[in-house]
Every structure is written in structure tokens, then in C-alpha cells.
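Only one structure is covered here, and it is reproduced in the block below.
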Amino acid sequence: MPEELRYDPKEIESRWQRVWAHERTWEVPDDLPADAETSYVLEMLPYPSGEPHIGHLKVYSVGDAVAHFHRRRGRRVLHPMGYDAFGLPAENHAIKTGQHPRASTDAAIASFQREFRSWGISIDWTRELGTHEPRYYRWTQWIFLQLLHRGLAYRKEAAVKWCPVDATVLANEQVVDGHCERCGAEVQTRQLEQWFFRITDYADRLVEDLGRIEWPEHVKTMQRNWIGRSTGAQVTFRCEELDVDYPVFTTRPDTLFGATFFVMAPEHPDVLRLAAGTEHEDAVRAYVNAAAGGSAEDRGDAEREKTGVPLGRTVTNPVNGEALPMFVADYVLMEYGTGAIMAVPAHDARDFAFAQAYGVEVRRVVGTDEDLPYVGDGPLVNSHPDFDGLHNRDALERIVAWLDGEGKGHASVNYRLRDWLISRQRYWGCPIPVVYCSGDCGMVAVPADQLPVELPDVRDYAPKGRSPLAGAEDWVATTCPSCGGAARRETDTMDTFVDSSWYFLRYCDANNDEAAWDPAVLARWMPVDQYIGGVEHAILHLLYARFFCKALSDLGLLGADEPFARLFTQGMITRDGAKMSKSKGNVVSPQAIVERFGADTARCYILFIGPPDQDADWSDEGAEGMHRFLGRLWRTCARAATELHDEALAVEALGADGLRVARKAHWAIDKVTGDMEGRFAFNTAIAAVMELLNECGPSRRGAAESGAVRFALATAASLLFPFAPHTAADAHERLTGLRVWEEPWPVADPALLASDTFELVVQVNGKVRDRVQVPAEADAETLRALARDQPNVRSHLDGREVLKEVVVPGRLVNLVVR
RNA sequence: GCGGGCGUGGUGGAACCGGUAGACACGCCGGCUUUAGGUGCCGGUGGCGCAAGCCAUGGGGGUUCGAAUCCCUCCGCCCGCACCA
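My numbering puts the first residue of the first sequence at 340, with every later residue one more than the last.
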């Protein structure tokens, strides 16, 4: 093969990357014309650690294809890049090596930048940000202040989750089955004063607005489950002996007449007081202590035997005045509802299990033939003459109305969602911009014009149950912004999910030094039109970001109250069917692939491997095949550029071969466009380009006119550009002299899409017996006659009676015979 | 246990509305080019059968002229939720 026709991705890729960088091709200016059509395409913010992995390659291959497609369809596309740069891995590394987290983070960022650039993704690098840079976290702190002033950030003492390994508190969302989501250690409960964001204020809207966004249904379901909205009633039970009211939340006020006991969580503050002076006092104390020491994991296990201890007191059921025995039991959780429940064993599986174990009465109040416990619907029985016989769902409303009238209860909505605990006793995070005055001012917010509160250097990163920042004495000691007296800084830092809850806003106005953003600029881009990332963020990041947008929009700082209009969650790339990991030694490094085949091959193969929302197994052979295809495309174009003369494409003058090639090109335009528009079917889009190229092979194209072949090849390069930008740009330029990214996305000619003949399938009794080329305009009668006339069809009709003829114009004829 | 998704050649997958099952690729087989090879190009490739044909989309049943696609049922795998009152 002549040297000039060698496909050399290294040379091609670096050459075009230089052109795009030099011409700043992918930058979008801040002063776009008002009528510009825009699109915001965003991949989830990467955490920079070591080098990018194959998941990054996938997310940017998808995102860049989308970004390019929109650009070529005439939109101005915002496609920025940044780094989620605060976080524990860098800090833990610092504890081990003494290297400042900033140094290791910046090194990782540099390697990410280098690799991202080598992939040729079309990023507007002028908007690049790192969440650890003071110019960024200055505004993270500013947002914190806005929330603080609105009462959406607050400090309170509460039972919180503590990870003993990471030595910090965690948000509920970061505890999975009683274990730290990050490190896997079993979490403990501690009573601490911490900072929270009032996300529960938005619980309702966070559920409600899921209806307005185009997200995968399973992600919405996960969020709904997490928020856990339940409607029901709050009902007050009175303990006469102690003269205290205990409200409970129930979703089943219709079963109030079936309540036979009352249970409190071991953490309920009144438990010991209630038992005091009764014969159960010691047992209760022992039970409460045991519960406090038990593991959160066991506590959450529904299969576990129900345990509990009587309190020796009763409460009065407000609907019938009955005295119900009180218990303490750990199947009741302090953090949900009021920490106390009315127990209806006949119609609740948990209460039933407890009643069986402790010999409490079970009273059926929903009449059915089913065994107890019965949690379904039915007519009320054994309740009250006013309600007996009513369907329980109707009775529910009437009972709540009655309670309301009597002042004994009211309709109520309860959520599983807790407020977001955002303080962390760690170093490498955004400082919380608050000081504590040693005088009379108490807690004072650092004024916005004194931001950022910069993270000081410390000598010792090791966590000791308090933030390493507490050791930076010079930094901690400050003056009170209010009275000018002595004050001490808050030493906790913010959860890094705070940093990533607003970065997509900053990108819109990334270099604004006067404000976090200009709302007018934001209005142009927000919400993100297409967000792309892993499903592992279905709850954490995606819920927090939604909360931020709602809170900020309520503050008048932002128009969009949903951050991400469309979400796409990509599947994992596995190797030999298993998740890639260093310990398994099955890691495929993007750098190695790019080194060996070039970025275009890597990107295309990852998209070709299967539907991008599904997991897919990496195959080296598959990547080689993609490399062959790109080489063939490039070479065929390069050869055509010199060997096929550049004649105009006159469709009317084309012969059969030329027409076939031109048609195939228009078919491919239609196919690729449809695959990109409707769904992210990049795999079939690339397959269509492969088909088109196959049609242009020297033997297959036959006597096709050079204009038709050139058009088909240029089209192939053009259609492949979103997936293999360098190769496509190079091939396209050689062939046409034009820069493909400046060309509009091709539009299929309907006249060339429709063929003048089609292959009619003829079935007898549903089995294909023959095929025949027929004119596209043939009417049903013609098709019918033609079908019956095929030799192989005749032999199957021979001596039989035709009962029915099904004619599907443009497709098939089915003859039903006996 | 509850909810959701999936199951198609040796492999990844395609078939978007019920209308030619297996596009496109990997792998394999054969041929050509020949520079020694990788490479490149052309062709073949679901199974059984000499063939006509038959069988085939996890198993079974159903609806339909016609089912990978719709319905019922069973099996297997994956994901989420799971003492939330």
C-alpha cells in the first residue's frame, strides 16, 4: 500500500486538535445574538483521581456525539468541562504521604486535561473550573449564605450518622444498609450539632416536578422512593397518667378502631420517664441501652424477630376511649414520623408479628375472608356504628374529618426524606463561611464581600473526630464581622455534594468575578438540555442539584427550578463480564486504547458495542474491527479524492449503480438522523455508515458514476463526524475541501429515499414461499395476482382452496389456504 | 417479599407500529493480492438435510391470516426498594 494512504490516527488526530484549539472552534461566546438557538449538553462532573477510566471515555463519547449533532443542526452548544476536586481520596492520600491534597488533585486534573484533550472532545475550555479553586468556592460559600439568610441552612443537634473510618458525619443518602457509602464501614449514631440544608421543605415539589422532566423512569422511581411521601393523618393519643399527648402519624386512620397497643422508639425522649416508677423501669432501661449499642444494619432488618418491653403505661385511643398498653420496641424508628405509632396488628404485618410475640389482642376492623394480617381494602367492621359497613377508603376520609372536628387529629403528609446534613469534619472541602463571636453576637455569617473564606494550610490532615482545620490556630482565631471582637471560625467543611450541586450554573457564566452568575446569562442556557452520567448518582447528586435549583429559584436567583430537562444514564463497560477493577486486574485503560488505535476508534467502538444505556463488555477484537473500519473509510475517501474525478451529482443522469449508491447515502442520512434524534442509538447509526461504506467498495459500487460515489463517501464522513471527528473531518476535507463541522447536517431527499420497486414477500399460511420485485406503485389487486403467479407459490396452492388473502401494500401478501 | 428491566446464532447486538428473524460487527472458514508476517481486498457463515424442505428468538400455553414483538404462566439473570407506621 502506498505510504500516503496509510491511516495514521496519531497524525490525523493531533493535527485536527491543533486546528480546533487554535481556532477556538468549540467556544461559545457570552454575547450570542438573542435569537440564537442554543443547547446545553453536559456530562456529570468528573472526580479527578489518577487517570480517566473507561467510564469517562464512554460518557464523553456519548455527550460529544450529542453536542456535535446539535451544532451541525444549527444550534449553539454549551459543552463545558470541570472537576469535582474536593473530596476524601485526595485527603486520605495526604494523610498517608503528607502531600498536600491540592498538589495531588492538581496533578490528577492535569492528567485528566491531557487525556480529555487527546480524545478530541469538543469542549469550551474557557469555562473550565475546579470546585477546589477559591474563585469557585467563593460562590459555593455565597450560596450557603443565601440559604442561611433564608433559613434553608441551619444548625441543630441531632442523632447523626458517623463513619468511624472516614471520621466524619454523613448524610442519610450516604449511608447504604447501615454502612458508609464511600468506604463500607458500619456507621454509628452520634448526638452532634451539625449543619443541615432544609431539603425537606422541598420534598413535595421534588416529587411533584419529577412529572415535568424527561428522565429514565427507574431514576424517577428511585427518587420517589427515597423521598417517600405518604399521606395519612396525625392522631393524638393521650397518656392520662403523665398528662402528655403523643401524636402519631398513620397512613391508615381507617383502622384506628383496630388499634390494640401503642409503641415508642427506644430513642424517644419520653421512654424512660414513662417507665419510671413502674415494675418495668429496669427492663426498659436495659432495652433502650441495648438498642443504642446495636448496629444500624440489624435494626433495619425486617426479617428479624420483633422485640420490645412494656412501659407499664397506657394511652387513650381518641376514637373510642380505650386504654392501650404502651411498649418500647426497636421496630419503631425515631427518625420517621413522631417516633411513636399506634399499632393495629390485624392490618399491619409488623404490628401483627409483635402482637403474636407479646400476646396482645388482635382485632379485625376490615372485613374480608383473608387471613390476618390483612393490609388490603374492604368494608369496616367492629369499629363504630357511624363507620361500620363503609368501604375503608371512604371511612378513612370521614374518620379524619371527625378527628379534625374533635381536635384529636388532622390530615397529614409525611416524608422519609430527612434534611441534608452537610457539615464534614474533614479538611479537603469548602469551608463553611461562619464565625462564632466570643462576645455577644453568637454565630455570625461572614459577609459576602469578605468571601472566600480560604482553606488554610495545615500540618496534620489526620482526622481526630474534629476537623483538621481546628488545628490551624491562626486561621481559626479571627474577628467578629459584627462587633469587631474576637471570634472563632467554623472548622467543619461542606459535603462535596454541595460543590457539585451548582457547578452547571457556574459554567454558564464561568468567568464572572462580580457574581456567581448573571441571571440573564443563565436564562439563556438553563436548564441543561441533555445531562449524561452514571445511574449511581440517581439519588445523591441528582436530588441535591434539584433541591439547589428550587431553592435558588425561590430566592429569585435563577429561572429554572429543574436543573436537567433530559437525563441519560449510561451503562457500565465491563471486561469478561465483570466490573473493571485494579484488584481483578481486568482494567482497560483509555490511554492504552487511544495509544494503540487512536481516539476515534476508541470512541466509535464504545458507541458501537451496544445501546449506550446498557452495560457492555469490552473486547479488544471488537476495537480492532472498528479500527479497520475507520481505516477503510479514510482510505476509500483518500483514494477517491485523487482517483475519482470530481463531477457534479446529476441524479437524473445516473445509471442503476450510481442511483443505488446515491440512494444508499440518503437512506443512511435518514437512518443516522433518526437514531440520533429519537433515542441514543449510536450503535445502529454507526452500523448504517458501515453499510454505506460497504456500498462504496470498489467492487460493490460497480459502474456507479464518480459523482455518486464521492457524494456517498462524503456523506459517510459527514455522518460519522459526531462519533469519529478527526477521521471524519480529515476524510471529508480530502474529498470535498470543506470543513465538515462547518457544514450543516445533511438532509435526506425524500425522492431518493423512496425506491421505485420493492421486494414483495409472498407467504402461504404465514410461511415465506417466494419474493418478487414489484413496482412501488402496484395496487393491491396487482400484488394479489402477482403473488399467486409465483412458481413456488403455485406449487403450494396446488389443489387447495384459498380462504383468505391478506395484502399489506409495500410489504407482503399472505395467502391462507386449506 | 414488593417494584422495574432483561433473556435472539460461537460472541456483541439488529429487527422503532404485530408483517422477510439474525442488519452491522467480532470470531471462524475459503479465496485473492504478496512484501515474510501482521495488514489489505473479495466471498461464505443460525441448526438439521443431497435437496424440496423442516426447525429456530429462555420453557409451556393463548390471541392472530401472521408473534422476538401482544396476553397468561413458569424458569433464569440484573437493578432498585425493603420494620418508613
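Backbone N, C-alpha and C fix where the C-beta goes; we use that ideal spot for every residue, glycine too. The structure presented is a predicted model; accordingly, all values stated were derived computationally and were not measured.
Check each candidate in Lys645, Ser958 and Ala604 and name the one with the smallest Cα separation from Val627.
-> Here residue 627 refers to the residue found at position 288 of the first sequence. Considering only alpha carbons, the answer is Ala604.
query: Buried or exposed: Gly421, going by 16 or more other Cβ atoms within 10 Å of its Cβ?
result: Position 82 of the first sequence, counted from the start, is the residue given in the question as residue 421. With 16 or more other Cβ atoms within 10 Å, it is buried.
Please classify Val1147: is it buried, with 16 or more other beta-carbons within 10 angstroms of its beta-carbon, or exposed? In the first sequence, the residue the question calls residue 1147 occupies position 808. Exposed: under 16 other Cβ atoms inside 10 Å.
Spatial neighbours of Thr1075 in its chain, beta-carbon cut-off 7 Å, leaving aside the 5 residues before and after:
Position 736 of the first sequence, counting from 1, holds the residue named residue 1075. Here the set comprises Ala1053.
*asked:* I'd like the ranges of any alpha helix (DSSP H) spanning at least 4 consecutive residues and lying wholly in the stretch 525-549.
replied: 542-547
My guess is that Ala1158 and Val380 are in contact by the Cβ rule of under 8 Å, so how many angstroms apart are they, rounded? No answer is possible for residue 1158: it lies beyond the span of the chain, which begins at 340 and ends at 1157.
*Tell me whether Gln356 sits in a helix, a strand or coil according to DSSP, three-state version.*
Looking up residue 356 in the first sequence gives position 17. Three-state DSSP puts Gln356 in a helix.
What is the rounded straight-line gap between the Cα of Glu525 and the Cα of Pro503? Taking the first residue of the first sequence as 1, we reach residue 525 at position 186. Taking the first residue of the first sequence as 1, we reach residue 503 at position 164. Going from the Cα of Glu525 to the Cα of Pro503 covers about 8 Å.
| Where do the N-terminal and C-terminal ends of the beta strand (DSSP E) with Glu496 fall, by residue? | Within the first sequence, numbered from 1, the residue matching residue 496 stands at position 157. Where Glu496 is concerned, the enclosing beta strand (DSSP E) stretches over Ala492 to Cys502.
Beta-bridge pairing of Glu1098 - partner residues as DSSP gives them:
In the first sequence, residue 1098 corresponds to position 759, counting from 1. Partner(s): Gln1112.
Review point. Between the beta-carbon of Pro772 and the beta-carbon of Leu486, is there less than 8 Å?
Key: Numbered from its first residue, the first sequence carries residue 772 at position 433. Numbered from its first residue, the first sequence carries residue 486 at position 147. It is not a contact, given that the beta carbons lie outside the stated cut-off.
Self-check item: Beta-carbon separation (whole angstroms), Arg577 vs Val648, contact threshold 8 Å
Solution: For this step, residue 577 is matched to residue 238 along the first sequence. For this step, residue 648 is matched to residue 309 along the first sequence. Wrong, their Cβ atoms sit about 22 Å apart, outside the cutoff.
Check: If Tyr399 sits next to Trp458, beta carbons under 8 Å apart, how far is it from one beta carbon to the other, in whole angstroms?
Finding: Along the first sequence, read from residue 1 onward, the residue named residue 399 stands at position 60. Along the first sequence, read from residue 1 onward, the residue named residue 458 stands at position 119. Contact holds; Cβ gap of about 6 Å.
Q: Determine contact between the stretch 967-984 and the stretch 1037-1054, defined as no fewer than three beta-carbon pairs at a distance below 8 Å.
A: yes
Residues of its chain near Thr617, where Cβ-Cβ distance is below 6 Å and the 5 sequence neighbours each way are ignored: The count along the first sequence starts at 1 and reaches residue 617 at position 278. Same-chain partners within the cutoff: Gly651.
Practice task
Entirely within the stretch 557-639 and at least 3 residues each: give me those beta strand (DSSP E) ranges in chain order.
Solution key: 569-578, 583-589 and 600-603
Quick one: what's got a C-beta closer than 7 Å to Val683's C-beta in the same chain, skipping five residues either side?
-> To locate residue 683, count along the first sequence from 1; it is residue 344. Same-chain partners within the cutoff: Arg591, Thr594, Gly597, Ala598 and Asp690.
Quiz prompt | Nearest-angstrom Cα separation, counted from Tyr713 out to Asp687 | solution = What you label residue 687 is simply residue 348 of the first sequence in a count that begins at 1. What you label residue 713 is simply residue 374 of the first sequence in a count that begins at 1. If you take the alpha carbons of Asp687 and Tyr713, they lie about 7 Å apart.
Worksheet entry | Contact under 8 Å by Cβ, Leu672 with Phe601 | As a working mapping, residue 672 is identified with position 333 in the first sequence. As a working mapping, residue 601 is identified with position 262 in the first sequence. Going by C-beta atoms, Leu672 is not nearer than 8 Å to Phe601.
- prompt: How many angstroms separate the CA atom of Ala630 from the CA atom of Val623?
  reply: Counting from one through the first sequence, the residue named residue 630 turns up at place 291. Counting from one through the first sequence, the residue named residue 623 turns up at place 284. So the alpha carbons of these two residues sit roughly 10 Å apart.
### Task
In angstroms with no decimal places, state the Cα-to-Cα distance between Arg412 and Trp464.
Sequence index remark: in the first sequence, residue 412 carries index 73 (1-based). Sequence index remark: in the first sequence, residue 464 carries index 125 (1-based). Arg412 and Trp464: Cα-Cα distance of roughly 22 Å.
### Task
Sort Phe1021, Ile932 and Phe425 by Cα distance to Pro950 and report the nearest one.
Here residue 950 is taken as the residue at index 611 of the first sequence, counted from 1. The shortest C-alpha separation from Pro950 is found at Phe1021.
Are there 16 or more other CB atoms within 10 angstroms of the CB of Tyr670, so buried, or fewer, so exposed? Position 331 of the first sequence, counted from the first residue, corresponds to residue 670. Flag for Tyr670 reads buried.
For Pro649, list the residues DSSP reports as bridge partners. Position 310 of the first sequence, counted from the start, is the residue given in the question as residue 649. Paired residue(s): Phe666.
Considering only residues of the same chain and omitting the five flanking positions on each side of Gln930, which have a CB-CB separation below 7 Å? Translated into positions along the first sequence, residue 930 becomes position 591. Cβ within range, chain order: Glu390 and Glu454.
Check your understanding: Span of the alpha helix (DSSP H) holding His1065?
Key -> The residue you call residue 1065 lines up with position 726 of the first sequence. Run containing His1065: Pro1064 to Thr1075, per the alpha helix (DSSP H) assignment.
Check: Under a Cβ-count criterion, where at least 16 other Cβ atoms within 10 Å of its own Cβ denotes burial, should Lys1010 be classed as buried or exposed?
Finding: Along the first sequence, read from residue 1 onward, the residue named residue 1010 stands at position 671. Buried, since its Cβ has 16 or more Cβ neighbours within 10 Å.
For Val1100, which residues in the same chain have their Cβ closer than 7 Å to its Cβ, ignoring the five residues on either side in sequence? Here residue 1100 corresponds to residue number 761 of the first sequence, with the count starting at 1. Cβ neighbours of Val1100 beyond the five flanking positions: Val1107, Arg1110, Arg1150 and Leu1151.
- Task: With DSSP collapsed to three states, give me the class of Val514.
- Result: Locating residue 514 in the first sequence gives position 175, counting from the first residue. Reduced to three states, the DSSP call for Val514 is strand.
Q) What are the complete alpha helix (DSSP H) segments, minimum 4 residues, inside the stretch 414-493? A) 427-436, 440-457 and 473-488
- Task: Using the DSSP secondary-structure output, state which residues sit across from Met681 in a beta bridge.
- Result: Translated into the one-based positions of the first sequence, residue 681 becomes position 342. In DSSP, Met681 forms a bridge with Phe601.
Residue of Asp710, Val558 and Gly748 minimising C-alpha distance to Leu879 = Working through the first sequence from its first residue, we reach residue 879 at position 540. Answer by Cα proximity: Val558.
Runs of alpha helix (DSSP H) lying entirely within the stretch 687-729, each at least 4 residues, in chain order: 688-697
- Under a Cβ-count criterion, where at least 16 other Cβ atoms within 10 Å of its own Cβ denotes burial, should Glu901 be classed as buried or exposed? By 1-based counting over the first sequence, the position of residue 901 is 562. Glu901 is buried by the Cβ-count criterion.
Worksheet item: How would you write the range of the beta strand (DSSP E) that Met323 sits in, first residue to last?
Response: In the structure as shown, the chain begins at 340 and stops at 1157. Residue 323 is therefore absent and cannot be evaluated.
Handout entry: Run of the beta strand (DSSP E) containing Gly873, from where it starts to where it stops
Key = In the first sequence, residue 873 corresponds to position 534, counting from 1. Taken as a continuous stretch (DSSP letters only), the beta strand (DSSP E) holding Gly873 covers Gln869 to Gly873.
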